[in-house]
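J.: Numbering (the numbering used here), first residue to last: 1 to 68.
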């Protein structure tokens, strides 16, 4: 249910906003990996969640580019 709302929110955004969202998610993933490598990360499941969000964002970007 939560992911459906996330995807609906993504579909409402423009291509530029989606690209900004993608860059922010990739930066967050980098920071999480860095924290994990230095044993500072408490919630390791967040890495998996961010990776899936990146995939969702890229899927919506692809769908929008095929429609245009």
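For each residue, glycine too, the CB sits at the ideal point set by N, CA and C.
Which of helix, strand or coil does DSSP assign to residue 44?
T.: Three-state result, residue 44: coil.
J.: For the pair the segment 32–48 and the segment 12–24, tell me if three or more CB-CB distances fall below 8 Å.
T.: Because the criterion of three Cβ pairs below 8 Å is not met, the segment 32–48 and the segment 12–24 do not touch.
J.: State the DSSP-derived secondary structure class of residue 55, mapped to helix, strand or coil.
T.: Note: residue 55 maps to helix in three-state DSSP.
J.: Rounding to the nearest angstrom, what Cα-Cα distance links residue 33 and residue 25 in this structure?
T.: Looking at the two C-alpha atoms, the distance is approximately 12 Å.
J.: In three-state terms, what does DSSP make of residue 3?
T.: Here residue 3 sits in helix by DSSP.
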